[in-house]
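Notes to accompany the following structure.
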Amino acid sequence: MSMKFNSKLFSTITTQTIHDDGILSILEVGKQLPFAVKRVYTIDNCIPNLVRGRHAHKETCQAMFCLRGSVDLLLDNGVKKEIVRLIAPNIGVLIKPRIWHEMKNISRDALLLMFADRHYNENDYIRNYKDFLVFLKKDVR
Ligand code: TYD
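Numbering (my numbering), first residue to last: 87 to 227.
Given below as structure tokens:
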């Protein structure tokens with residue numbers, strides 16, 4: 087599936103780009119990036135057929151960019167699922183809390199850049215899909 091806009095499951099983030107003798111791709115907190123960044127990490131060198139993610143966060147909000155290569159990002163709110171394919175460094179996806187997500191079809195050369203609005207905390211993860219559905223039901227906001 088190609089990039090989808092205005093979805094309830096996710097929104098895309100488009101960097102500011104400046105084309106000169108190269109391509110400058112810019113993210114500013116409060117402009118393109120809707121949260122203050124507390125953690126940045128990369129994922130690369132993934133083995134073939136690897137599926138990463140397979141979890142949801144209770145509160146952490148993240149943004150994912152694919153700087154090189156390609157990846158399919160599956161997003162699931164417990165009711166519906168969508169897959170967005172990331173193929174360029176200038177368009178990323180906002181992964182809100184309470185969204186189950188999986189990274190699939192990660193190309194061998196893929197370099198993912200992740201931003202998070204809080205520090206790492208294993209207690210913020212829901213790693214079991216059944217627990218995710220239970221969490222969505224009991225934690226009504
Ligand atoms: P995980 O978030 O499950 O990876 P992915 O979603 O890419 O499949 O993290 C993998 C391991 O790394 C897990 O043991 C937790 C640890 N980890 C940290 O210690 N700090 C971090 O910021 C992240 C993202 C993971």
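Glycine residues also receive a C-beta, built at the ideal position from the N, C-alpha and C atoms.
For the ligand TYD, any of its heavy atoms closer than 6 Å to the Cβ of residue i?
i, result
"Y127", "yes"
"G178", "no"
"R184", "no"
"R171", "no"
"R138", "yes"
"Y206", "yes"
Thinking C-beta only, is residue j closer than 7 Å to residue i?
i, j, result
"D162", "W186", "yes"
"K182", "C147", "yes"
According to DSSP, residue i sits in a beta bridge with which residue or residues?
i, result
"S236", "Since the first and last residues shown for the chain are 87 and 227, residue 236 lies out of range."
"V157", "L172"
"D130", "L197"
Report back the beta-carbon spacing between residue i and residue j to the nearest angstrom; my notes put them in contact at under 8 Å.
i, j, result
"L159", "L172", "6 Å"
Can you find a C-beta in chain D that's less than 7 Å from the C-beta of residue i?
i, result
"I133", "Of the protein chains in this structure there is only one, and it is not chain D."
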